[in-house]
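Everything in the sequence shown is counted per full-length UniProt numbering, starting at 1 for the first residue and increasing by one. Below is one structure, written out as structure tokens; comments come after it.
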Amino acid sequence: MMRLQAGFCSEVGKRDRNEDYVAVSPAAALQEVSQSDGPNDTALAVAVVADGVGGHRGGRVAAELAVRLFLDGFLAQSQALGVRHAVGRAIDPVNRWIHAIGRVDAELEAMACTFTALVLRGRQAFVVHVGDSRLYRLRAGTLQRLTSDDVLSGAGRGHILTRAIGLQPDLAVGCEAVPAQDGDRYMLCSDGIHGVLRDGDIARLLASDAPDRAASRLVRAAETAGSTDNLTACVLDVLSLPAAGQDDLAAGLAGLPCAPELSAGDSIDGYRLERALPAGRDTRVFVARDTQAEGSTLVLKMPRQVDPLLLSALAREAWIGSSVRSPWLGEVIDLPPERRSVLYVAMPFYAGETLERRLSRPPRVSAPEGIAIGARLCKAVAALHRAGVIHRDIKPENIVLTGGGGLRLIDFGVARLPRLEAEEEAPAAAVAPGTASFRAPEMLAGRDAGSIATDIYALGVTLYRTFTGDYPYGEIEPFSNPRFATPRPLLKLRPDLPPWLDRVVMRAVAVAPADRPGDAIELLFALEHGEADLQARPPERVPLLARDPLRTWQIVSALLALALLASLALR
1 MMRLQAGFCS
11 EVGKRDRNED
21 YVAVSPAAAL
31 QEVSQSDGPN
41 DTALAVAVVA
51 DGVGGHRGGR
61 VAAELAVRLF
71 LDGFLAQSQA
81 LGVRHAVGRA
91 IDPVNRWIHA
101 IGRVDAELEA
111 MACTFTALVL
121 RGRQAFVVHV
131 GDSRLYRLRA
141 GTLQRLTSDD
151 VLSGAGRGHI
161 LTRAIGLQPD
171 LAVGCEAVPA
181 QDGDRYMLCS
191 DGIHGVLRDG
201 DIARLLASDA
211 PDRAASRLVR
221 AAETAGSTDN
231 LTACVLDVLS
241 LPAAGQDDLA
251 AGLAGLPCAP
261 ELSAGDSIDG
271 YRLERALPAG
281 RDTRVFVARD
291 TQAEGSTLVL
301 KMPRQVDPLL
311 LSALAREAWI
321 GSSVRSPWLG
331 EVIDLPPERR
341 SVLYVAMPFY
351 AGETLERRLS
361 RPPRVSAPEG
371 IAIGARLCKA
381 VAALHRAGVI
391 HRDIKPENIV
401 LTGGGGLRLI
411 DFGVARLPRL
421 EAEEEAPAAA
431 VAPGTASFRA
441 PEMLAGRDAG
451 SIATDIYALG
461 VTLYRTFTGD
471 YPYGEIEPFS
481 NPRFATPRPL
491 LKLRPDLPPW
501 LDRVVMRAVA
511 VAPADRPGDA
521 IELLFALEHG
531 EADLQARPPE
541 RVPLLARDPL
551 RTWQIVSALL
561 ALALLASLAL
571 R
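Structure, rendered in structure tokens:
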């Protein structure tokens, strides 16, 4: 949970009018605000200070418009964009609009303003800045300035602002991320404050009092020090931050080296490696025993090399496994940072077998067994989709069947997350994620980077393979251009299955996304409804022709031969 408290003070000082503008969102932070962090890690707070450019009549208008329009635009953006993209989309039109109005309205000629914002999201602080307003952070008694002034100064130059909202039609506004911590105190201010107070004075005045009183003390101290400008200070305290999100996990993993070459019997960080498990070419997976926790068994997954994409996949898996909770989903063990010396994630060990392994041994999966597996898998996928996560690699190898009818959907390394930056989500990726035979036609064609509809398709192919050991459109090789003709009906390969199951599965693997079930819950309902119908009625008798065509023709031939002999005997 994110808990914040904020306060500000803004005074006209020795000027005729106050051209500063300050705002905090949510406004409740001016007392104290608590925001719950759900699975999407959406806890968010923003503080902004803008200072109208001195000497320009529209300075106050520019400052107020910049702050209000930015907050409206930024908070209206989908958080799936990520903070940097949302900031850019919000502030670019504000800059262009203020610049244009300042060129056509004589009353607001050349209006412009500085702009400094603090965006707190998850466990990160994003610094948005242009101009000479400032953002400071006080942490454990140490003051640090987080912004740089966009000015030219020196002998004969005075104080020339080089960048501000509205000065140019195009403006690149910086947005840098820094880790936030519980207990941090942030202070945003206009140059009326920092122009006359030294860093030591600011640190001393920030070191005590509630945010509103600290802001007021800064303003009064600047007045006493002889400031001739407007005076604005905004102080924000971080009382507590939410659990780590994907960005935070990625930042924590980024500084770790790859593990050396390891094999069964080796130890690392107090884990004794017992055996290796099958893994991809880029990762190594071991079953390990935790010698520091009464010998508990777990799984360690580690990349073979430090690569930005592999690091992102590892952080993605760690975030989903620790944030999206369901009895049908794999989990990730949250390790203290001081224990992990190399790059890996730790997961519980689920005793059982993968669905792919189950399909390789007799007997073949019966209707009740397969329907139960499908229903549990639907519940796992529905839990992901509720959290805004698209798995993108649903297949029997990523489904663990545990004792007592349990099931775990695992491997979230290529999952699509709502908080990924837009460029990471481009549908025209060079290689579509997942396994080719389970990718929906629109993914193979590059039209969809992954959606509810593509997960439903993969779920349908998994069900089809569970019952038949085959694929509805045949096995698809990577980098091929398959043609999706009419799929082979389930009943053609498994005539012993109920017809309703054929209809449900074949709908899930439809070529057109609109022809598939709308979501995993709809598919779950179809499976459970059909299951109830199957239990209520006696099993349908499958015709002998469908069950054993050869035996059928042998019987028919024998009957025809008897009829022929009888007709000859009667002549």
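For glycine and all other residues, C-beta sits at the position ideal for the given N, C-alpha and C.
Any C-beta of chain C sitting closer than 8 Å to the C-beta of Tyr471? In summary, chain C is missing from the structure at hand, where a single protein chain is found.
Might you give, ordered along the chain, the residues of its own chain that have their beta carbon closer than 8 Å to the beta carbon of Thr466, omitting 5 neighbours on each side? The count along the sequence shown starts at 1 and reaches residue 466 at position 466. So the list reads Leu355, Leu359, Val365, Gly370, Ile373, Gly374, Pro396, once near-sequence residues are dropped.
How big is the Cα-Cα spacing for Gly131 and Leu167? Residue numbering aside, residue 131 sits at position 131 when the sequence shown is read from its first letter. Residue numbering aside, residue 167 sits at position 167 when the sequence shown is read from its first letter. C-alpha separation (whole angstroms): 10 Å.
Exposure of Gly38, with buried meaning 16 or more beta-carbon neighbours within 10 Å: Looking up residue 38 in the sequence shown gives position 38. Residue confidence is low: Gly38 scores 45 on pLDDT, short of 50, so the model does not pin down where it sits. No coordinate-derived value is stated.
Considering only DSSP beta bridges, list what Gln305 is partnered with. Within the sequence shown, numbered from 1, the residue matching residue 305 stands at position 305. Gln305 pairs with nothing; no bridge assigned.
Please classify His194 as buried or exposed, where buried requires at least 16 neighbouring CB atoms within 10 angstroms. One-based indexing of the sequence shown puts residue 194 at position 194. That one is buried.
Bridge partners - Val119, DSSP secondary structure assignment: Numbered from its first residue, the sequence shown carries residue 119 at position 119. DSSP lists Val46, Phe126 as partners of Val119.
Could you check if Phe70 is buried or exposed, using at least 16 other CB atoms within 10 Å of its CB as the buried criterion? Here residue 70 refers to the residue found at position 70 when the sequence shown is read from its first residue. Result: buried.
Using 10 angstroms around the beta-carbon of Gln124, count the other beta-carbons present and answer buried if the total reaches 16, otherwise exposed. In the sequence shown, residue 124 corresponds to position 124, counting from 1. Flag for Gln124 reads buried.
What is the rounded straight-line gap between the Cα of Met187 and the Cα of Ala233? The residue labelled residue 187 in the question sits at position 187 within the sequence shown. The residue labelled residue 233 in the question sits at position 233 within the sequence shown. Those two C-alpha atoms are separated by around 7 Å.
Span separating the alpha-carbon of Leu437 from that of Leu463: For the purposes of this step, residue 437 is taken as residue 437 along the sequence shown, with counting starting at 1. For the purposes of this step, residue 463 is taken as residue 463 along the sequence shown, with counting starting at 1. In the sequence as displayed, the identity of residue 437 is Ser instead of Leu. Roughly 13 Å between the two C-alpha positions.
Counting only the same chain and skipping the five closest in sequence on each side, list residues whose C-beta sits under 6 Å from that of Arg408. Taking the sequence shown and counting its residues from 1, the one referred to as residue 408 is at position 408. Gly330, Tyr350, Val400.
Of all the options Arg121, Pro441, Leu146, Arg163, which has the alpha carbon lying nearest to the alpha carbon of Met111? To locate residue 111, count along the sequence shown from 1; it is residue 111. Among Arg121, Pro441, Leu146, Arg163, the Cα nearest to that of Met111 is on Arg163.
Determine, using beta carbons only, whether Leu343 and Ala259 come nearer to each other than 8 Å. What you label residue 343 is simply residue 343 of the sequence shown in a count that begins at 1. What you label residue 259 is simply residue 259 of the sequence shown in a count that begins at 1. Taking 8 Å as the Cβ cut-off, Leu343 and Ala259 qualify as a contacting pair.
With DSSP as the reference, label His391 as helix, strand or coil. Indexing the sequence shown from 1 puts residue 391 at position 391. Of the three classes helix, strand and coil, the one that applies to His391 here is coil, per DSSP.
Check whether the Cβ atoms of Ala313 and Leu298 lie closer than 8 Å to each other. As a working mapping, residue 313 is identified with position 313 in the sequence shown. As a working mapping, residue 298 is identified with position 298 in the sequence shown. For Ala313 and Leu298, no; Cβs fall outside 8 Å.
According to DSSP, is Gly352 helix, strand or coil? As a first step, residue 352 is located in the sequence shown; it is residue number 352 there, counting from the start. It is a strand residue.
Whole-angstrom C-beta distance between Ile452 and Ile521, which should lie under 8 Å: Taking the sequence shown and counting its residues from 1, one reaches residue 521 at position 521. Taking the sequence shown and counting its residues from 1, one reaches residue 452 at position 452. 10 Å between Cβ atoms; not a contact.
Of all the options Gly405, Gly434, Gly406, Gly404, which has the alpha carbon lying nearest to the alpha carbon of Ala415? Walking along the sequence shown from the start, residue 415 turns up at place 415. Considering only alpha carbons, the answer is Gly434.
With three or more beta-carbon pairs closer than 8 Å as the criterion, would you say the stretch 173–187 touches the stretch 137–157? yes
Considering only C-alpha positions, which residue in the set Asn230, Gly102, Asp170 is nearest to Ser10? The residue you call residue 10 lines up with position 10 of the sequence shown. That would be Asn230, whose Cα lies nearest to the Cα of Ser10.
Asp16 versus Gly255 - alpha carbon distance: Numbered from its first residue, the sequence shown carries residue 16 at position 16. Numbered from its first residue, the sequence shown carries residue 255 at position 255. Rounded to the nearest angstrom, the two C-alpha atoms are 52 Å apart.
Between Leu4 and Phe126, what straight-line distance do the alpha-carbon atoms span, to the nearest angstrom? Your numbering for residue 4 matches position 4 in the sequence shown. Your numbering for residue 126 matches position 126 in the sequence shown. So the two alpha carbons sit approximately 16 Å from each other.
Evaluate Leu241 with the Cβ neighbour count: other Cβ atoms within 10 Å of its Cβ, from every protein chain shown; 16 or more gives buried, anything less gives exposed. Counted from its first residue, the sequence shown places residue 241 at position 241. Buried: at least 16 other Cβ atoms inside 10 Å.
Cutoff 7 Å; reference Ala221; Cβ partners in own chain excluding five residues on either side: Counting from one through the sequence shown, the residue named residue 221 turns up at place 221. Result list for Ala221: Leu197, Asp201, Leu205, in chain order.
Could you have a look at Val287 and say whether DSSP puts it in helix, strand or coil? For the purposes of this step, residue 287 is identified with residue 287 of the sequence shown, where counting begins at 1. Val287 falls in the strand class under three-state DSSP.
Beta-carbon proximity check, Met506 vs Pro489, cutoff 8 Å: By one-based count along the sequence shown, residue 506 stands at place 506. By one-based count along the sequence shown, residue 489 stands at place 489. Yes, the pair counts as a contact, with Cβ atoms nearer than the cut-off.
How many Å lie between Ile91 and Gly73 at the Cα? On the sequence shown, position 91 is the one that residue 91 refers to. On the sequence shown, position 73 is the one that residue 73 refers to. Approximately 8 Å between the Cα atoms of the pair.
Beta-carbon spacing of Met2, Ala45 below 8 Å: Position 2 of the sequence shown, counted from the first residue, corresponds to residue 2. Position 45 of the sequence shown, counted from the first residue, corresponds to residue 45. Closer than 8 Å, so yes.
Cα-Cα, which of Ala6, Ile160, Gly518, Ala563 is closest to Leu118? Taking the sequence shown and counting its residues from 1, the one referred to as residue 118 is at position 118. Considering only alpha carbons, the answer is Ala6.
Between Arg376 and Gly403, what straight-line distance do the alpha-carbon atoms span, to the nearest angstrom? Numbered from 1 along the sequence shown, position 376 holds the residue referred to as residue 376. Numbered from 1 along the sequence shown, position 403 holds the residue referred to as residue 403. In a straight line, the C-alpha of Arg376 is about 14 Å away from that of Gly403.
Assuming Val345 and Glu317 are in contact, meaning their beta carbons sit under 8 Å apart, how far apart are those beta carbons, in whole angstroms? Indexing the sequence shown from 1 puts residue 345 at position 345. Indexing the sequence shown from 1 puts residue 317 at position 317. Correct: roughly 6 Å between the Cβ atoms.
Along the alpha helix (DSSP H) that carries Ala508, what are the first and last residues, could you check? Here residue 508 refers to the residue found at position 508 of the sequence shown. Start and end: 499–508.
Kindly list the residues whose CB is nearer than 6 Å to the CB of Trp500, restricted to its own chain and excluding five residues on each side of it in sequence; keep chain order. Reading the sequence shown from its first residue, position 500 is the one you call residue 500. Result list for Trp500: Gly530, in chain order.
Check the DSSP bridge columns for Gln144 and list the partner residues they point to. As a first step, residue 144 must be located in the sequence shown, where it is residue number 144. Gln144 pairs with Arg137.
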